[in-house]
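Our numbering puts the first residue of the sequence shown at -19, with every later residue one more than the last. Note that the Cβ used here is the ideal one computed from N, Cα and C, for glycine as well. Scroll down for the structure; my scribbles are underneath it.
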Amino acid sequence: MTYQVDDRGYYGEFGGAFIPEMLHANVENLKKRYVEIIYEADFQKEFDNLLKDYVGRPTPLYLAKRLSALYGGKIYLKREDLNHTGAHKINNTIGQILLAQRLGKKRIIAETGAGQHGVATATVCALMGVECIVYMGQVDIGRQAPNVARMRMLGAEVRPAMSGSRTLKDATNEAIRDWINNPEDTHYIIGSVVGPHPYPDMVARFQSVISEEMKWQLKEKEGREQPDYVVACVGGGSNAAGAFYHYLDDERVKLVSVEAAGLGVDSGESAATSVLGTKGIIHGSRTLLMQTEDGQIIEPYSISAGLDYPGIGPQHAHLIESGRAQVYSATDKEALTAAMELSRIEGIIPALETSHALAILDQMKLKEEDIVIVNLSGRGDKDLATYIDHLDELT
-19 MTYQVDDRGY YGEFGGAFIP EMLHANVENL KKRYVEIIYE ADFQKEFDNL
31 LKDYVGRPTP LYLAKRLSAL YGGKIYLKRE DLNHTGAHKI NNTIGQILLA
81 QRLGKKRIIA ETGAGQHGVA TATVCALMGV ECIVYMGQVD IGRQAPNVAR
131 MRMLGAEVRP AMSGSRTLKD ATNEAIRDWI NNPEDTHYII GSVVGPHPYP
181 DMVARFQSVI SEEMKWQLKE KEGREQPDYV VACVGGGSNA AGAFYHYLDD
231 ERVKLVSVEA AGLGVDSGES AATSVLGTKG IIHGSRTLLM QTEDGQIIEP
281 YSISAGLDYP GIGPQHAHLI ESGRAQVYSA TDKEALTAAM ELSRIEGIIP
331 ALETSHALAI LDQMKLKEED IVIVNLSGRG DKDLATYIDH LDELT
């Protein structure tokens, strides 16, 4: 079994490109050209140089000794929080802005939930001098104010999504509507491994630098390239796709996906798609999504804006359905507790998204000899207001 995309744009039974006719030319052009373009020597050289000199890669692989003593095994943190802009998102936006230039696009649109992808998109548009419009749910604009300020300071226009739950799903809807109305000059930088083919594969390829570095870094530290576990939070799933990429076909490495349980998987206020979801189509691909019997989207909930999405990337749906990935979920309270714990024992304040991945370490029942890599996908600056609201109950 292969866990990569096939020639039709599917991962097993998930994926594809279910798009309006107005977007057919754009998506078909991307499908035909993206692999050829991104592996051209001049593209790779420019991409690698920007990752090194602008983003600050490689990011460290840090042995968290006190965290390891608490949960057993050797727990390494892949420090994507130390990237320029504070998360893994910049890996993808650097790649996509270079691709957009080679496709002759003059205008960039994006969607964002936690704001990190919006900031990363605004950053590369400022770097390249390109018009940038970011769609963001009105609720997320309120709870991610620092990132909204960053986007505006970088020159991006932030447009609020006012429909539905006014969160990530609705921002994505608005961005797709914009793309339909402006197909000729606009490139849509999707921020996760979601959407119509080729986006899930393209974003995963740009994020695969994470696991590429993990392999040689772990070899240096432990004498082997393969950990026993790779753990990452999953909303749409781009940080997990990058962390898993080079280990997909190595069954020695257990892949662990962590979703947001919100107030509890069965509470009616959750974003645990793999448990609550069924097969359907959302934002251009067939995947697992939270929906009613007649196909209406069930609004997700999580304290984390970046995990507040009713679907999951089609590759992750395939990994889960095939049994290749193990799935856990963490509640809001568990994520907040894990964030406080890492802050207090390692001096690292993680993003709320990452905190969900950290929250399940006690459920894994690690053995002393286990080597675990947790992808620390983002830093917690953007979530300080939320953390401050809960400080009293957590200390």
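- In the displayed model, Met182 falls within a helix according to three-state DSSP.
- DSSP lists Tyr(-9) as the beta-bridge partner residues of Phe(-6).
- If you look at Gln81, you'll find it in the alpha helix (DSSP H) that goes Lys69 to Arg82.
- Cβ neighbours of His226 within its own chain (closer than 8 Å, five residues either side excluded): Ser188, Ser191, Glu192, Met194 and Lys195.
- Between Arg13 and the set Ala315, Tyr179 and Leu62, the nearest pair of CA atoms involves Tyr179.
- Distance from the CA of Ile351 to the CA of Lys45, rounded to the nearest whole angstrom, comes to 12 Å.
- Put simply, of Ser247, Asn162, Gln96 and Glu349 the residue whose alpha carbon is nearest the alpha carbon of Asp61 is Gln96.
- Rounded to the nearest angstrom, the Cβ distance from Ser254 to Val307 is 5 Å, consistent with a contact under 8 Å.
- Per the coordinates, the alpha-carbon of Arg130 lies some 9 Å from the alpha-carbon of Thr103.
- Note on geometry: alpha-carbon atoms of Met116 and Glu349 lie some 44 Å from one another.
- Excluding the 5 residues flanking it on each side, Ser143 has same chain C-beta neighbours closer than 6 Å at Asp150, in chain order.
- Only exposed fits Pro0, as fewer than 16 other CB atoms lie within 10 angstroms of its CB.
- Within the same chain, and ignoring the five residues on either side of Arg146 in sequence, the residues whose Cβ sits closer than 6 Å to its Cβ are Gly117, Gln118 and Val119.
- Annotation for Gly122: the continuous alpha helix (DSSP H) segment containing it runs Gln118 to Arg123.
- Remark: three or more beta-carbon pairs, one from each stretch, lie closer than 8 Å, so the segment 278 to 295 and the segment 242 to 256 are flagged as touching.
- DSSP links Ser265 through a beta bridge to Ile262.
- If you ignore the 5 residues before and after Pro38, its C-beta comes within less than 6 Å of the C-beta of Glu193, all in its own chain and listed in chain order.
- Per DSSP, Glu164 lies in no beta strand (DSSP E) and is assigned neither H nor E.
- Rounded to whole angstroms, the separation of the alpha carbons of Asp369 and Ser323 is 16 Å.
- Comparing C-alpha distances from Gly52 to each of Ile121, Val233, Leu346 and Ala315 shows the shortest one belongs to Leu346.
- Here DSSP, grouped into helix, strand and coil, assigns Ala155 to helix.
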